[in-house]
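Numbering of the sequence shown is given in this note's numbering, commencing with residue -18 and proceeding in unit increments. This report concerns only the one structure given below.
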Amino acid sequence: MGQRVLPVFYHVDPSDVRGQKRKFGTAFQQQEVKFRGEPNKMNKWREALVAASNLAGFSFSKSDGLVFLVHTILSDHFVSIFSCKELSHYEQGNTGNAKQKDLKSMES
């Protein structure tokens, strides 16, 4: 099975990641100072982040909420990964009840 990459940008604009601008750029510069003895590591990170920001994915603001984020990602992309039989357990509420409660409590 091939690998899938689905970038999720939470409270950051993908263009800020791509160009290392604004708050993301400031944070990235701090990491460059921290790893100044390892320029290859920082270059690899920069290239990987630029590549990820150029892929189709999701961009969420902080006000969207974690439950909305998880629901959107699962309903739009991961449904195709599981068979209908596996999904029927989720739809019937037979699995993940503890996690569902955790997510619902985070929403408020």
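Note that beta-carbon positions come from the ideal geometry of N, C-alpha and C, so glycine has one too.
Terminal residues of the alpha helix (DSSP H) in which Ser34 lies:
Per DSSP, Ser34 belongs to the alpha helix (DSSP H) from Pro20 to Ser34.
Contact set for Met23: own chain, Cβ-Cβ below 6 Å, skip 5 residues either direction:
Excluding sequence positions up to five before and after Met23, its CB lies within less than 6 Å of the CB of Glu13 and Phe16, all in the same chain and listed in chain order.
Counterpart residues of Phe(-10) in DSSP-defined beta bridges:
In DSSP, Phe(-10) forms a bridge with Ser40.
Would you decide whether Pro(-5) is buried or exposed? Buried here means 16 or more other CB atoms lie within 10 Å of its CB.
Buried, by the Cβ-count rule.
Ignore the nearest five residues each way along the sequence and tell me which others in Asp(-3)'s own chain have a CB closer than 8 Å to its CB.
Closer than 8 Å at the Cβ level, and outside the excluded window around Asp(-3), lie Arg3, Lys4, Phe5 and Gly6.
Taking the beta carbon of Ser34 as the centre, do at least 16 other beta carbons fall within 10 Å, making it buried, or is it exposed?
With 16 or more other Cβ atoms within 10 Å, it is buried.
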